[in-house]
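Numbering (our numbering), first residue to last: 8 to 254.
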Ligand SMILES: C[S@@+](CC[C@H](N)C(=O)[O-])C[C@H]1O[C@@H](n2cnc3c(N)ncnc32)[C@H](O)[C@@H]1O
């Protein structure tokens with residue numbers, strides 16, 4: 008996994024900054040029950056999304072296991088952040104109205120213990136909102152880049168830990184049932200073919216890591232054959248699911 012302590016200083020700027028955070032928060036807000044008073048943002052990172060959800064009638068608590076990220080989040084949400092692991096949340100059972108997991112489950116080898124912990128802290132009728140299929144987002148809108156990488160992705164991308172159907176299946180084991188779905192756009196995050204080649208060559212694309220160099224060279228060569236090398240392709244579209252705790 009990425010070292011988020013090391014990443015913290017450049018995190019906001021390299022993850023779409025405020026436009027992405029506002030788009031995410033706006034979609035999350037639509038999924039929140041209007042009665043939600045206690046919201047726990049698990050893996051809150053720098054708090055860039057979290058802070059948009061706080062309000063006079065709503066207590067929002069950010070939890071993250073990276074001290075570097077929590078340091079940033081605590082500036083945005085003073086006295087509302089806590090260092091902690093998603094598998095042992097420092098939150099009492101059945102006390103949260105909403106648990107958020109935004110851009111978190113795709114990082115985990117096994118999301119089950121984290122979903123179980125989310126279910127534990129939710130009260131009956133509470134809602135867990137998570138992103139799913141995070142790494143598919145840049146390929147969702149039709150584009151020549153999606154087409155040219157499709158075969159390589161089929162070959163190299165393992166079953167994602169945050170795969171939509173997998174999350175729904177695991178969630179059901181913890182009495183979390185599908186309630187609603189939404190999307191948000193990673194505004195300004197669309198990359199040009201040249202930027203994608205640099206991103207892949209720089210080792211920043213998870214599904215290319217550990218792959219034979221010749222295979223990566225072939226992929227980059229196919230990407231370099233696309234026209235308009237400097238033109239950003241469509242912004243990624245991220246998916247959210249809301250799951251209600253039934254017991
Ligand atoms: C990609 S960032 C997302 C941050 C934030 N949710 C956002 O949308 O900007 C993932 C965050 O999850 C945190 N994280 C990963 N695994 C975790 C775990 N087991 N417990 C708590 N935080 C975790 C990382 O430290 C990092 O800050």
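Yeah, the Cβ is synthetic: ideal placement off N, Cα and C, and Gly gets one too.
Bear in mind that the values here come from a model prediction, so they are computed numbers and not experimental data.
Rounded to whole angstroms, the Cβ separation of residue 192 and residue 109 is 14 Å, and the two are not in contact under 8 Å. In the DSSP annotation of this structure, the continuous segment of the alpha helix (DSSP H) that includes residue 230 starts and ends at 220–231. For residue 152, no beta strand (DSSP E) run applies; the uninterrupted alpha helix (DSSP H) run containing it begins and ends at 151–163, by DSSP. Burial is judged here by how many other beta carbons sit within 10 angstroms of a residue's own beta carbon; residue 69 has at least 16 and is buried. Residue 137 has its CB no nearer than 8 Å to any heavy atom of ligand 1.
In the DSSP assignment, residue 190 falls within the unbroken beta strand (DSSP E) covering 183–192. According to the DSSP assignment, residue 201 belongs to the alpha helix (DSSP H) that extends over 200–208. Here the distance from the Cβ of residue 84 to the nearest heavy atom of ligand 1 is not below 8 Å. Buried is the label assigned to residue 124, since at least 16 other Cβ atoms lie within 10 Å of its Cβ.
Under the DSSP assignment, residue 174 falls in the alpha helix (DSSP H) whose first and last residues are 171–179. For residue 240, the closest C-alpha among the options 232, 148, 186 is that of 148.
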